[in-house]
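Worksheet for the structure shown next.
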Amino acid sequence: MAGKAAEETGGKVATEEESAQIANCIPRLRRYARTLLAEGALADDLVQDTLERALNRLHRFERGRDMRAWLFSVMHNLYIDQLRQPGLAARSLDEADYEIPCAGVQEPLQLRDVQTALCMLPVEQREVLLLVGVEEMNYGEVAATLAIPLGTVMSRLSRGRERLRWLMEGGRMTTSLKAVK
Numbered sequence: 001m002a003g004k005a006a007e008e009t010g011g012k013v014a015t016e017e018e019s020a021q022i023a024n025c026i027p028r029l030r031r032y033a034r035t036l037l038a039e040g041a042l043a044d045d046l047v048q049d050t051l052e053r054a055l056n057r058l059h060r061f062e063r064g065r066d067m068r069a070w071l072f073s074v075m076h077n078l079y080i081d082q083l084r085q086p087g088l089a090a091r092s093l094d095e096a097d098y099e100i101p102c103a104g105v106q107e108p109l110q111l112r113d114v115q116t117a118l119c120m121l122p123v124e125q126r127e128v129l130l131l132v133g134v135e136e137m138n139y140g141e142v143a144a145t146l147a148i149p150l151g152t153v154m155s156r157l158s159r160g161r162e163r164l165r166w167l168m169e170g171g172r173m174t175t176s177l178k179a180v181k
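Mapping to my numbering: the sequence shown position 41 is 41, numbers consecutive.
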């Protein structure tokens, strides 16, 4: 049995520490997947596929690298692959399957509004907002996870925050821009 496991992971079996790191990341992976897909069953499938791929490719994991960032990269790549497949489309938000813990948001209606507004953002902006705001990744980790330049992370984050603010204010644009003569 151990020989088969080593063969499936490119000759590498997860150490106890790696197994613990992977297990500790599962709740975060589930939360992120549920936000991307907005349906519990599809999100759980994405998490399972992510864990399976990660274990099968554990030999590619560089020691000293952040396991969480690596797992999110694996999930992101799987998600992009699924989007490219014909017939797969994100479904509408089902409040029963969708939950993001938000510090400071106590009212159920406010939480629902935040969740709805997040789902209205373009996927690229939502991914960056969630990785920075909810998963507390730094910009470099987000850039590595999504395989995009650091400047793109900052741009998407800025645009996502502005769009989320706009949506939360009922679509009323409030800017501090001044006319230049």
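Virtual Cβ for every residue (Gly too), placed ideally from N, Cα, C.
Within the same chain, Cβ atoms closer than 8 Å to the Cβ of Tyr32 are found at Phe72, Met75, Leu130, Leu131, Val134, Glu135, the five residues on either side in sequence being excluded.
With 16 or more other CB atoms across the displayed protein chains lying within 10 angstroms of its CB, Ala43 is buried. In this structure, Ala117 sits near Leu164, with a CB-CB distance shorter than 7 Å. Assigned with DSSP and collapsed to three states, Gly133 falls in helix. Taken through DSSP and simplified to helix, strand or coil, Glu16 comes out as helix.
When DSSP states are grouped into helix, strand and coil, Ala147 belongs to the coil group. Met67 and Met168 have their C-alpha atoms some 34 Å from each other. Taking a contact as a CB-CB distance under 8 Å, the pair Leu46 and Leu37 counts as one, their CB atoms being some 6 Å apart. Between Ala69 and Glu141 a beta carbon distance of about 5 Å is seen, short of the 8 Å cut, so the two are scored as contacting. Taking C-alpha positions only, Asn138 is separated from Pro149 by approximately 13 Å. Comparing C-alpha distances from Asn24 to each of Arg34, Ala41, Leu51 shows the shortest one belongs to Leu51. According to the DSSP assignment, Leu71 belongs to the alpha helix (DSSP H) that extends over 67-84.
Residues Val128, Leu129, Val132 of the same chain have their beta carbon placed closer than 7 Å to that of Leu157, with the five preceding and five following residues left out of the count.
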